[in-house]
Amino acid sequence: MKRQRYRMPDGGRIDRSQPLHFTFNDRSYQGYVGDTLASALLANGVAIIGRSFKYHRPRGVFSAGAEEPNALVQLEQGSHTQPNLRATQIELYSGLKAESINCWPSVDFDLWSLIGLFGRIFPAGFYYKTFMTPNLLWPIYERIIRQAAGLGRAPSDPDPDRYENINTHCDILIIGGGPSGLSAALKAGQSGARVILADEQNEFGGALLGSDDEVDGGPALDWVEKTVGELEEMAEVRLLPRTTIFGYYNHNFLTAVERVTDHLGVSDDPLPRQRSWRIRARQVILASGAIERPMVFENNDRPGVMLASAASTYANRYGVCFAKRVVVFTNNDEAYRTALIFKKFGIHVSLVDVRPEFNGDWPRKATAAGVEIIFNSAVTGTRGRRKVKGVNISAFGMDGNLGETRHLSCDLLAVSGGWNPTVHLYSQSGGTLTYDKQRMCLIPEKAGQAVNVVGAAKGTFELERCLKEGAREGARVAKNLDFVGSGSVRSKSKTVLENEQPLQPKWLIPSRKHPEGGPSHFVDLQTDVTVADIALAAREGYDSVEHLKRYTTLGMGTDQGKTANINGISILSGIRGEELPSVGHTTFRPPYTPVTFGALAGRQVGQFLDPLRRTPIHHWHTRAGAVFENVGQWKRPWYYPVLDEDMNDAVVRECRSARKSIGILDASTLGKIEIKGPDAADFLNLIYVNSWNNLEVGRCRYGLMLGEDGMVMDDGVTSRMAEDRFFMTTTTGGAARVYSWLEEWLQTEWPEMEVYLTSVTENWATITLVGPNSRKLLGELTDDINLDLKSFPFMTWREGKVAGVPARVFRVSFTGDLSFEINIPARYAISVWTACMTAGEKYAITPFGTEAMHVLRAEKGYIVVGQETDGTVTPGDLGMERMLSKKKDFIGRRSLARVETLRSDRKQLVGLDTEDPSTVIPIGSQIVATTKKRPPMDMIGYVTSSYYSPNLKRSVALALVKSGRNRHGERVYLPMENGTISALICNPVFFDPEGERLNG
Amino acid sequence: MDNGYMRQGPLDYIPISAELEADQGGNDATVVLEDRGFRGQIVLQGKASDAEFFDAVSDITGLRPSKETNVVTGGPGFPRLLWLGPEEWLLVTEDEESGRIMLGLTNSFKGRHVQVVDNSDAYAIVGVRGASARDILAKGCTLDLHERVFRSGSSTRTLLGQVQVILHQVTDDPDYEIHVHRSFAEFLWEWLVDAGQEYGLKTVRP
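Each protein sequence line maps, in turn, to chains L and W. Residue numbers for the first sequence follow our numbering, so the first one is 2 and each next one is one higher. Residue numbers for the second sequence follow our numbering, so the first one is -18 and each next one is one higher.
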């Protein structure tokens, strides 16, 4: 364990009484509660955190926040591992383990860094140009490139952590808890509005956390504490620290990720690791602050080069100072603060200002403090191999020419090129941006949604003005929503220094080495895009910002170019010789910072991925050892193996019993709809292809439903309960769709029809008895339904009691055998089922599952919508044209008159009689009339259903074949991987074609 | 017919911790999940312009169907009449009462264009009550359930944990009742139990 060499003895928002141990690249270090991984590494003198994306150059901590391009690490190991996290945003916890990414064999000695020596041959577009030919070699190229260039590793094991999604609504969402956001939240909160204040850091305060500003005559952080305390007391204010708003969508819908337990490390806490919030806000106040802009000069990427505000933050907030000599390089006033802070700690500071000498409060104060100011000059390059040891500076006049070079030694170079408002979310929301020539940055122009921008996010950089703007907007936005409250007096901050000298728009500093000559002047540190790349792209015609981005990868790293884009665009505008606004900017897209897939998925994983539906008899099936099949969201018994039966054995047994004696099926999943009204029969006439007026009460009819395109959409039996009342059944999978379909027609097309619909699918359990003994069995369970053939013929229904329970019994059949569908209220389902099982014991009653059901119906050539049909099949294709009523209109009728639907060579339903009766053709097999040695062959159809029929002791198959009905008796072939199956086209009804068994 | 032993509730197979089965358990929990058992649930559809329909419902049930969106008449006792749509209501009664009321309604509407359907077994009813109830629902429901917007006496059809439900706030506690299709009941129950883990949710069967 090493001492924290660069930790100052006091100061900062860390708790020196609570040391934390952690490891980085297998070495142990110590930090404190309140540290980030970045601050703790800096305190321990770890300068190189990782290697760069392309050239593998050593890189250190560059910023202190979300904009970090360099200090990306692999956090934790195994299933907990996470790639590419910003060390600047990882809160330190005890036992933390992190590693560098993109280096081999180690971060200190990286062989891939040799690439850097040949940088000239790896320009932008290099991959496109070099690896394009021959095509066959691309997989090999790709593998090598992936190893050489890249970031961290994704975990390969399932994520063991828990995540949540949560929805919320508020009147005002305030994004950012800095001075403007806090002032706005206070006013908005006092008004009584429902307020959410979200901030990405672990504590509120924003930029104040790293500064030494004053508010209301005391330290700014005292004001922060007081304000947060007041907000916590407000019932309708929700504070969300550690929460990044990462997306801003239509209708003021925003998404956020809250890091709930990340800062506790790997734990078994019942709390989720992260929560993703879906926020619907009436109004948004965007107080997202600003990000400092770096300068571009030779070797500006060395460890030890850092944003000026970050250098201040590490000193002020984390008590870290690893420098003995500091050079500050700036084109604006703000960096003078950094110089003063380091001076306060007794460190030697030189300040290089590209601007001509001026008289102002800042230079006066800096000079008085002992800062050496070098005006009219620029840092033209850094020295040092693994980290900065010194800088070259030259006079740099308005003409852009460099003067003589002199050398200054230093171990920290703090750079500031001004500030870019964090307008990402504003832009995402549809707001337009404009280039502010005075402040030299993109600022919000015209809002696209209910969003109000305050503070640095709109280019207001002075603390006093931020406080004022925040309070004003907080109150105004609340008032517009009719919330007016009594508030305290607004907080004030003395503007410390006046007479500010405007920023000088210079970011690119030339050097002796031409900046366009090779990788030296880095614009995008994360993706290793240099000035040379931008120049090359422009030369080759990629000089629109969107092309530039894609050709060079500028701004395409995980940081999305937060410190790179504006510099890149301004360098491009220089090359194009145009003003910056006419060059434009690329689109800001969510997420603002990367979001884990876990947080997006929430708990919608594993057993909660998709809802699961169980029938009322489900738990009986489970106990009977049923194997289940997923049918949509339903779990349906597939087959019921007995002892050591396999699926085939079980299905054979179930099929035989159903035809020989009696089988019992849980058909509760069938869709059921009650239809009532004086126009009910007319309505059915329009919905179904066949006619319903003449159906007598007590009778049932099979109906076929078409879409407007004339294609079969659903089928089922509908029964007449009363003159104005019908009971419709639909397919299991079609239940919800058909109900919506009927409602849509009634509500939008035929509102004059007096018809009401209620879905009763879930109210009724359906138990189907199948087989010659089913009448006998049912007779034992009911005494008020006359079951004899005459009183209860096929396609009728009766009401009565079955096993003591009020029931509706339907004499319909999906197997071709005598069959009764018993409908009972779901609460009695298991009782009635059990009664059937008990009474049926003497008939060897056999529960059968969906597989046997399919065999039985395929033996009869009965279709299943969705299996024999796929949305391109007409009633005629199925041989059901006789069902089509000619006396009335119905949905889809007109489409059946189209030339295409009348073609005689349409695919039609047939049976297939295999040459070898034991061959079961795989479902989906393609059918040809003549075989060739190899594909392609002319395909004339395909197999839709295919099973082995134990009752017929042979295979049965249904198929759709071109002109199939005219081809009965023709031989066709099914070319398979191992040989060809031969079959004759035949009638699709294989079993009991006369239908003699229907009556038992 | 003995309803007692012959019937099976949709949540009967869910393990519910025994020591909490006596209702006094779980009162210290911030959120309690409860199987509310059998109820009569009758769907009523009739025209908004049909005054006699409203009168008849009022005569038989003592409740006048609300014409106002998402408003429940009656409650927290029984019966309650939940607004489901412009011409659709769900009458919730005590289980023993449903047969009598169903009969009364059916007889009274003979020859009228009104639909009365006994859908009692179509839904399980799950109670969620306690200080954290709203937070749990927010995990799977996108509607604003804040008391300024959705209060006791409000009901709505919505999605909860991807499942279609009828959500009714019964009292200010808050106490919510979720009418969920029977087939989804176990899924939703397990989803709620999991959602309540961080709040120390307890489960109760009355």
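Glycine included, each C-beta is placed from N, C-alpha and C at the ideal position. Quick caveat: nothing in here was measured; it's all calculated off a predicted structure.
Taking 8 Å as the threshold (C-beta atoms), are residue j and residue i in contact?
i	j	result
L:Ile176	L:Val261	no
L:Phe728	L:Glu675	yes
L:Gly626	L:Tyr641	yes
L:Gly708	L:Thr731	no
W:Leu65	W:Thr54	no
L:Gly734	L:Val632	yes
W:Ile117	W:Tyr180	yes
L:Leu782	L:Val803	yes
L:Tyr565	L:Leu537	First, the residue type needs correcting, since residue 565 of chain L is Ala and not Tyr in the sequence shown. No, the pair does not count as a contact, with Cβ atoms beyond the cut-off.
L:Gly179	L:Leu209	yes
L:Thr594	L:Ala67	yes
W:Ala119	W:Val12	no
L:Tyr164	L:Arg604	yes
L:Phe323	L:Gly46	yes
L:Asn85	L:Arg52	no
L:Gly486	L:Ser181	no
L:Phe589	L:His408	no
L:Met722	L:Met714	no
W:Arg17	W:Glu128	no
Throw me the rounded Cβ distance for the residue i and residue j pair, which I believe falls under 8 Å.
i	j	result
L:Ser313	L:Ile342	5 Å
L:Ile510	L:Thr406	The pair is not a contact, with the Cβ atoms about 12 Å apart (cut-off 8 Å).
L:Ile1002	L:Leu241	Residue 1002 of chain L lies beyond the residue range present for chain L, which begins at 2 and ends at 1001; the question has no answer from this structure.
L:Glu92	L:Asp560	No, L:Glu92 and L:Asp560 are not in contact; Cβ-Cβ is about 19 Å, not under 8 Å.
L:Leu779	L:Leu788	6 Å
L:Pro756	L:Leu747	The question names Pro, yet the displayed sequence has Val at residue 756 of chain L. Sure, about 6 Å apart at Cβ, within 8 Å.
L:Leu743	L:Asp878	L:Leu743 to L:Asp878, Cβ: 24 Å. No contact.
W:Val97	W:Leu25	6 Å
L:Ser289	L:Leu468	Between L:Leu468 and L:Ser289 the Cβ distance is about 16 Å, and since that is not below 8 Å, they are no contact.
L:Ile570	L:His586	6 Å
Query raised in the report: On the three-pair Cβ rule with 8 Å, is the region 196 to 210 of chain L touching the region 220 to 233 of chain L?
Result: yes
Query - Inter-stretch contact at 8 Å, needing at least 3 Cβ pairs: the region 411 to 421 of chain L / the region 315 to 327 of chain L - result: yes
Report task. Say whether the region 866 to 880 of chain L touches the region 831 to 851 of chain L, bearing in mind that this needs 3 or more beta-carbon pairs closer than 8 Å, one atom from each stretch. Result -> no
Query raised in the report: Which residues, in order along the region 105 to 127 of chain W, keep a beta-carbon less than 7 Å from a beta-carbon of chain L?
Result: Ala119, Lys120, Cys122, Thr123, Asp125, His127
Query raised in the report: Should the region 157 to 166 of chain L be regarded as contacting the region 71 to 90 of chain L, the criterion being three or more beta carbon pairs within less than 8 Å?
Result: yes
Requested in this report: Check each residue of the region 189 to 209 of chain L: if its Cβ is closer than 9 Å to any Cβ of chain W, include it; give the result in chain order.
Outcome: Along the region 189 to 209 of chain L, going in chain order, the ones with a CB nearer than 9 Å to a CB of chain W are Arg195.
Query raised in the report: Which residues, taken in chain order from the region 597 to 613 of chain L, show a beta carbon closer than 8 Å to some beta carbon of chain C?
Result: The question asks about chain C, but that chain is absent: this structure's protein chains are L and W.
Query raised in the report: Between the region 329 to 342 of chain L and the region 541 to 561 of chain L, do three or more beta carbon pairs fall short of 8 Å?
Result: Verdict: no, contact absent.
Query - Contact between the region 165 to 177 of chain W and the region 140 to 150 of chain W (3+ Cβ pairs under 8 Å) - result: yes
Query raised in the report: Is there contact between the region 795 to 803 of chain L and the region 693 to 710 of chain L, where contact requires at least three CB pairs shorter than 8 Å?
Result: yes
Query raised in the report: Are at least three pairs of beta-carbons, each pair with one atom in the region 760 to 769 of chain L and one in the region 99 to 106 of chain W, less than 8 Å apart?
Result: Output reads yes: the region 99 to 106 of chain W touches the region 760 to 769 of chain L.
Query raised in the report: Can you give, in chain order, each stretch of the beta strand (DSSP E) that sits fully within the region 805 to 878 of chain L and has at least 3 residues?
Result: 806 to 811, 820 to 826
Report task. Taking only beta carbons into account, state which residues of the region 812 to 836 of chain L come closer than 8 Å to chain W, listed in chain order. Result -> Pro826, Ala827, Arg828, Tyr829, Ala830, Ile831, Ser832
Query raised in the report: Quick check: the region 806 to 821 of chain L against the region 771 to 782 of chain L, are there 3 or more CB pairs under 8 Å?
Result: yes
Requested in this report: Count the C-beta pairs between the region 156 to 164 of chain W and the region 612 to 624 of chain L that are closer than 8 Å, then say yes if the count reaches three, no if not.
Outcome: Yes, they touch.
Requested in this report: Inspect the CB distances between the region 75 to 93 of chain W and the region 32 to 40 of chain W and report whether three or more fall short of 8 Å.
Outcome: yes
Query raised in the report: Which full runs of the alpha helix (DSSP H) of 4+ residues lie inside the region 519 to 596 of chain L, going along the chain?
Result: 532 to 540, 546 to 553, 566 to 577, 581 to 584
Query raised in the report: Which residues, taken in chain order from the region 905 to 922 of chain L, show a beta carbon closer than 8 Å to some beta carbon of chain W?
Result: The residues in question: there are none.
Query raised in the report: If you scan the region 82 to 153 of chain W from start to end, which runs of the alpha helix (DSSP H) of 4 or more residues do you find wholly inside it?
Result: Given a length threshold of 4 residues, each whole run of the alpha helix (DSSP H) inside the region 82 to 153 of chain W is given here in chain order: 114 to 119.
**Report entry** Sequence ranges, alpha helix (DSSP H) only - wholly within the region 10 to 94 of chain L, length at least 4
**Finding:** Note on the region 10 to 94 of chain L: whole alpha helix (DSSP H) runs with a minimum of 4 residues are 38 to 44, in chain order.
Query raised in the report: Between the region 898 to 918 of chain L and the region 941 to 959 of chain L, do three or more beta carbon pairs fall short of 8 Å?
Result: yes
Requested in this report: Check whether the region 854 to 866 of chain L touches the region 939 to 956 of chain L, counting contact only when three or more Cβ pairs, one atom from each stretch, lie closer than 8 Å.
Outcome: yes
Query raised in the report: Of the residues that make up the region 161 to 173 of chain W, which ones have a beta carbon closer than 9 Å to any beta carbon in chain L?
Result: Of all residues in the region 161 to 173 of chain W, those with a C-beta nearer than 9 Å to a C-beta of chain L are His162, Arg163, Ser164, Phe165, Ala166, Glu167, Phe168, Leu169, Glu171, Trp172, reading in chain order.
Requested in this report: Using a Cβ-Cβ cut-off of less than 7 Å, give me the residues of the region 745 to 765 of chain L that come near chain W, in sequence order.
Outcome: Residues of the region 745 to 765 of chain L with a Cβ closer than 7 Å to any Cβ of chain W, in chain order: Glu755, Tyr757, Thr759, Val761, Glu763, Asn764.
Query raised in the report: Does the region 437 to 450 of chain L touch the region 361 to 368 of chain L, meaning 3 or more C-beta pairs lie closer than 8 Å?
Result: By the Cβ test, the region 361 to 368 of chain L is not in contact with the region 437 to 450 of chain L, since fewer than three Cβ pairs between them sit closer than 8 Å.
Query - Secondary structure, alpha helix (DSSP H): runs of 4+ residues fully inside the region 656 to 708 of chain L - result: 681 to 688
**Report entry** Three-pair Cβ contact test at 8 Å for the region 665 to 674 of chain L versus the region 878 to 888 of chain L
**Finding:** no
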